[in-house]
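Take a look at the structure set out below.
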Amino acid sequence: MSLTLGSVAPLGRPTGGTLNIEIPDRPAHLLYLHDVAGRIRGDLDGTTVVDATAARMLHETGLLPRWYFPRDSVRADMLEPSSTTTHCPFKGDALYWNVRVGDKVIADALWEYPEVVAGAPDLSGLLSPYMEKFDRWWDEDEEVHEHPRDPFHRVDARRSSAHVVVRSGGEVVADTGAPVAVKETGLPVRWYVPLGDVDAALLTETSTETYCPYKGVASYWTLEVGEQRFEDAVWTYREPLLEAVPAKGCVCFLADGIETEVTR
316 MSLTLGSVAP LGRPTGGTLN IEIPDRPAHL LYLHDVAGRI RGDLDGTTVV
366 DATAARMLHE TGLLPRWYFP RDSVRADMLE PSSTTTHCPF KGDALYWNVR
416 VGDKVIADAL WEYPEVVAGA PDLSGLLSPY MEKFDRWWDE DEEVHEHPRD
466 PFHRVDARRS SAHVVVRSGG EVVADTGAPV AVKETGLPVR WYVPLGDVDA
516 ALLTETSTET YCPYKGVASY WTLEVGEQRF EDAVWTYREP LLEAVPAKGC
566 VCFLADGIET EVTR
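Its first residue numbered 316, the sequence shown is counted upward by one per residue in the numbering used here.
Here it is in structure tokens:
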């Protein structure tokens, strides 16, 4: 998706779209570093370890973006050097830092590249975290999960008058003239159907939940049509994030054996 992942990602060897130049074969791995506006914080056991107002974001071919923080935005008194080292052929040799909160030590919670290889963006003086090793992350006062929100990733949820019919094995599962088209960078359009236009007798709610940094927490249903059972093939965002608000109260279908037909 965005710059580095997906069919239209210019730093990810795109398979769709057209550029007025050819992306060179070398270097095979592209990097782009830029400033991040606003305040980013990371907490461990109720203590703020990272508090940055001058963060950077690094994009790399085929990878999700990463935050990099100036050293003075990380609590120096909580850092302990680790013996871990790794080598990246595109950035250089990485050193790691443990984080101590009271008696608790989080091993290899952050890393840095003191010296980068020739041609790489200057990452000296910057620390990058394993987000999952922290308890909570905040962008301003909004909590962030999974990974940083990519400023080059876009979600547009648009109400539509298209006629959408969802079928499985020839049986109509949903039929609506008031769908919501969710258009997300690098992904096919997903059609969301108002729950009132779905045959609810075919759905069984499950305990599955997933999180999208751009749309929110998704809840799931299993769809049963005749002898066919499609586990977690139907989902909704009950309390969607701002970009996906028009899809609230709607569900989307996706699985082999389920067809979504759209006519205008």
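Glycine is no exception: its CB is placed at the ideal position from the N, C-alpha and C atoms.
Continuous beta strand (DSSP E) stretch holding residue i: start and end
i, result
"I421", "419 to 427"
"A472", "470 to 474"
"N413", "407 to 416"
"L510", "Taken as a continuous stretch (DSSP letters only), L510 belongs to no beta strand (DSSP E), as it is neither H nor E."
"P396", "394 to 403"
"K498", "495 to 499"
"A533", "531 to 540"
"M372", "371 to 375"
"R464", "No beta strand (DSSP E) holds R464; DSSP gives it neither H nor E."
"E457", "457 to 459"
"D547", "543 to 551"
Burial state of residue i, where buried means 16 or more other Cβ atoms lie within 10 Å
i, result
"L334", "exposed"
"R371", "buried"
"R356", "buried"
"V497", "buried"
"T363", "exposed"
"P494", "buried"
"D465", "buried"
"P555", "buried"
Same chain, Cβ closer than 8 Å to residue i, neighbours up to 5 away in sequence not counted
i, result
"V488", "V481, R482, V513, D514, L517, L538, V540, F568, I573"
Sequence-distant residues of the same chain with beta carbon closer than 7 Å to residue i, five excluded per side
i, result
"T401", "A409"
"Y526", "H460, E461, V532"
"L394", "W412, V414"
"T491", "V479, V508, P509, D512"
Cut-off 6 Å between Cβ atoms - residues of its own chain near residue i, not counting five sequence neighbours on either side
i, result
"K448", "I421, A424"
Under 7 Å between C-beta atoms of residue i and residue j
i, j, result
"V376", "G327", "Just to set this straight, residue 376 is Thr in the shown sequence, not Val. Taking 7 Å as the Cβ cut-off, T376 and G327 qualify as a contacting pair."
"T368", "R390", "no"
"R544", "S443", "no"
"L379", "H460", "no"
"T551", "S534", "yes"
"A548", "K530", "no"
"P329", "A472", "no"
Residue-chain proximity (residue i, chain B), Cβ-Cβ < 7 Å
i, result
"R451", "Reference to chain B is not applicable here, since this structure consists of a single protein chain."
Does the segment 496 to 507 come close enough to the segment 444 to 462 that 3 or more CB-CB pairs lie under 8 Å?
-> no
The segment 341 to 348 touching the segment 410 to 417, judged by at least three CB pairs closer than 8 Å = no
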